[in-house]
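Protein chains in written order, with our numbering: chain S, 602 to 925; chain P, 2 to 385.
The C-beta atom is built at its ideal place from N, Cα and C for all residues, glycine as well.
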Amino acid sequence: MSILDDDAVVDGIRQVLQSAGGTDATALLREFGFVDLLHEDRGAATEHVFYEQGRLGTHSHAYTDLQDAVLGSHLPGVEATVPMSLRGGIGTPLGRFGNGTATGVGYTFGRPVQLVFMVSEGALNFAVSVACTDPGVTLEQVHGVDPILDLWKVTVTRAPAEIVAAADAALAWWLDAVAWGRLAFAWELVGSARTMLDQAVDHARNRVQFGQPIGTFQAVQHRLADTLVAIEGAHAVLNSVEQPLDPIATATAKSLAGRAFEVAAKNCLQVLGGIGFTTEHPFDKHLRRGSGLNKLLGSRSDLVLCLGRNILEFGSVPALSRLG
Amino acid sequence: MSQSSPPPPTVAEFGTSVDQWIAENGPGLHDTFARATTLADEIAYVRELFRQLWDAGQSRWGWPTVVGGYGGSVLLRAVLAERLALSELAPTMATMPEVLAAPIAAAADEELVATYLPRYLRGQDWWCQGFSEPGAGSDLAALTTRAVRDGAEYVINGQKIWTTLAQFAERCVLLVRTGPSEAAHRSLSLFLVDMDSPGITVRPIEATTGELEFSEVFFSDVRVPANRLVGAENKAWPIVMNVLACERATVFWGRVAWMQHRLTALVNMVPQDVLSAKAIGECYQLIMSLRARSRATQYAVASGTFDAAASSIDKVLMATAEQTLFDTAAELLGEAVTFGDEPTDRRLRRDVLFSRVATVYGGTAEIQRNIISQRLLGMPRTAG
């Protein structure tokens, strides 16, 4: 029986995130005991924190704490930031290894000091640690569509790299890190999409034109319905993800969550009309946040391609969700 | 008191038992199925399939004892539907009892249920659903086929359309008006009618697929005993809603498995390139979202918390996934689908064509979206 089965704990998470307002909730979450919750029940902790974060449109470095937990369970003693790729791919290394040096490109939340990521040398995989002080490492602060994400682009060019794991151990950690990362973002994207839908539904009920709320028009109703369908489909897949995490399941979950975000962004902005297109409306921050989260670790379309390639290569369709 | 039936198997145990049954009996059934060239052949095959499944006990799990079932969770029926779909032993029409049997078993009196339900589930009788009319499709409550009480009988006059496989049916679940037209859905009644009753004429319609899938059914002074009324007079609407909801419950678990199966077949026919990868990935994610959603629905049905309005989401997911799958087939295998005459080509073409009406039957895409936005999102009623 997980502590996160307790509604009071889930409510507590929501309150902590709400009390942070528009500021970084990381410290408040840690005070609340997020790191302990990650050890107690990582799946539930990930679900509740990231979903609520998505709902509220708030930001934190909960992702970093999550990756620390994953790192701790595979490579204890290694303390470093795990850079994220923007591509799809399952088990794809972030870069190459050769002559004791690593080369690769990724993104991190916050300015990193030490990096750990998977590279390959031919068919061999290695998990390597790289110090950001090395001249071969370039750090670039990224603003992009959502400056609040505090993203940094990390370019590693033949920087000295210490091997912290090799072959199966390296791959097992990397698969798990990317799977948990995709799962977290998927929860956040679905939470955000639901809030966008709430905003559009509220507007449709209250905005009166031609003598009636615009929500009486079928065209408006159907956009909202399509949005709910996309969200519920994605949410159902998230609810069915089992542990240990399967890379196909989490890639599918993030792909669908990205799709729910895209459908919501398109339909909800359409329903909101002009006011949805200003920074004065809370829809704006959800649109920006979701755009960023959609792209990190592979967007909807990146992952669709990845899944399709995987299916064609193996000639079979992986079945997720069994009965019983 | 209770019959001496064994305790119900778990879902996992039952899956194993069904797989075993299929391994033993599948080859023989496949041979019969492969020889079926006409719809009549297919119906005969399905009756035989039902007979074998019933007599072996496999299809009796999950049904209440009053219909001849062994009891146990409705999830067991979902498991059977899935395994049959994956093994290619069950054409789509084999899922029809899941739509009609349960609502009728729940609403009709025990004598009617005990007499006719076991015959249906065992394949001795085929049933058809007489709901839609030329003037009443999406607006079903506007139907005009009328039943007038005359002594111990009702006399029925009117016409139904889109009645699937009526030409092979022994029974019809017939929705008629028994009260004032102005009362709309509150003056409708449901009857279990014998299709060999004098006055019934069945005129099959050739669908765009080239098959005689559905029919017009004409009723001219058809006399039906009053004891064939299902539930109370003028109180059929909740039963109708139950039937429509059942179309999206257990049936869908089998249909999802069928789609996975068709996707697997497609994967092994398409060119190995990026265009295929994108399209296949798209199909996969949509089918998986439908599967996850339908899985939750199966559990809701099993625990008695099934919400008919919410099942409209399942329906939209289903139609979208099906059309995307067959759009993909048409795109990637264009020559075969459009101009091919091999059996696999014709089968694929049939599925591509039929997927065009996935957004029409069982409640149109527009009606589903109305239900979703009005009942689930609280939008006001529109004019339609």
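In the structure shown, the three-state DSSP call for residue 119(P) is helix. For residue 332(P), none of the residues of chain S pass the 9 angstroms Cβ criterion, the least Cβ distance being about 13 angstroms. For residue 710(S), the enclosing beta strand (DSSP E) begins and ends at 702-710. By the Cβ neighbour-count rule, residue 323(P) is buried, with 16 or more other Cβ atoms within 10 Å of its own.
Under the 10 Å beta carbon count, residue 726(S) is surrounded by 16 or more other beta carbons and is classified as buried.
Listed by position along chain S, the residues whose Cβ is nearer than 7 angstroms to that of residue 265(P) are 917 and 918.
Under DSSP, the beta-bridge partners assigned to residue 754(S) are 708(S) and 741(S). Taking a 10 Å sphere around the C-beta of residue 304(P), we find fewer than 16 other C-beta atoms and assign the residue as exposed.
Residue 269(P): not part of any alpha helix (DSSP H); DSSP gives it neither H nor E. Rounded to whole angstroms, the gap between the alpha carbons of residue 168(P) and residue 795(S) is 47 angstroms.
If you draw a straight line from the Cα of residue 247(P) to the Cα of residue 211(P), it is about 28 angstroms long. Counted as a single uninterrupted DSSP element, the beta strand (DSSP E) harbouring residue 131(P) occupies residues 128-131. When DSSP assignments are scanned along the stretch 174-213 of chain P, the uninterrupted stretches of beta strand (DSSP E) that are 3 or more residues long and fall wholly within it turn out to be 189-195 and 201-206. Here residue 725(S) is bridged, per DSSP, to 722(S). A check of alpha carbon separations from residue 39(P) across 119(P), 214(P) and 110(P) identifies 214(P) as the nearest. DSSP lists no bridge partner for residue 98(P). In the three-state reduction of the DSSP assignment, residue 680(S) falls in the coil class, being assigned neither a helical nor a strand state. Within the stretch 269-283 of chain P, the residues whose Cβ lies closer than 9 angstroms to some Cβ of chain S are 269, 271, 273, 274, 275, 277, 278, 279, 280, 281, 282 and 283, listed in chain order.
Residue contact check for residue 16(P) against chain S: a CB pair falls below 9 angstroms.
Put simply, the backbone Cα of residue 150(P) is about 6 angstroms away from that of residue 156(P). Counting only the Cα atoms, residue 229(P) lies some 15 angstroms from residue 102(P). Under the 9 angstroms criterion on CB atoms, residue 910(S) is classed as interfacial with respect to chain P.
Contact note: residue 290(P) reaches chain S through 834, 835, 837, 838 and 857, using a C-beta cutoff of 7 angstroms and chain order. The criterion of a C-beta distance shorter than 9 angstroms is satisfied by residue 85(P) and residue 255(P).
Taken through DSSP and simplified to helix, strand or coil, residue 674(S) comes out as helix. Closest in C-alpha terms to residue 898(S), from the list 695(S), 807(S), 679(S) and 689(S), comes 689(S). A Cβ-Cβ contact shorter than 9 angstroms links residue 872(S) with residue 805(S). Residue burial annotation: residue 868(S) is buried, with at least 16 other C-beta atoms found within 10 angstroms of its C-beta.
Of all residues in the stretch 765-783 of chain S, none is placed with a Cβ closer than 8 angstroms to any Cβ belonging to chain P. Closest option to residue 823(S), judged by alpha-carbon separation, among 618(S), 810(S) and 801(S): 801(S). Per DSSP, residue 375(P) has no beta bridge partner at all. For residue 892(S), the closest of 658(S), 612(S), 629(S) and 633(S) by C-alpha to C-alpha distance is 658(S). When Cβ pairs closer than 8 angstroms are counted between the two stretches, the stretch 130-137 of chain P is seen to touch the stretch 169-181 of chain P, the count reaching three or more. Judged by DSSP secondary structure, residue 161(P) falls outside any alpha helix (DSSP H) and instead within the beta strand (DSSP E) spanning 154-165. Look at the stretch 96-120 of chain P: it has no residue with a C-beta under 8 angstroms from a C-beta of chain S.
Between the stretch 847-862 of chain S and the stretch 781-794 of chain S, the count of C-beta pairs closer than 8 angstroms reaches three or more; the two stretches touch.
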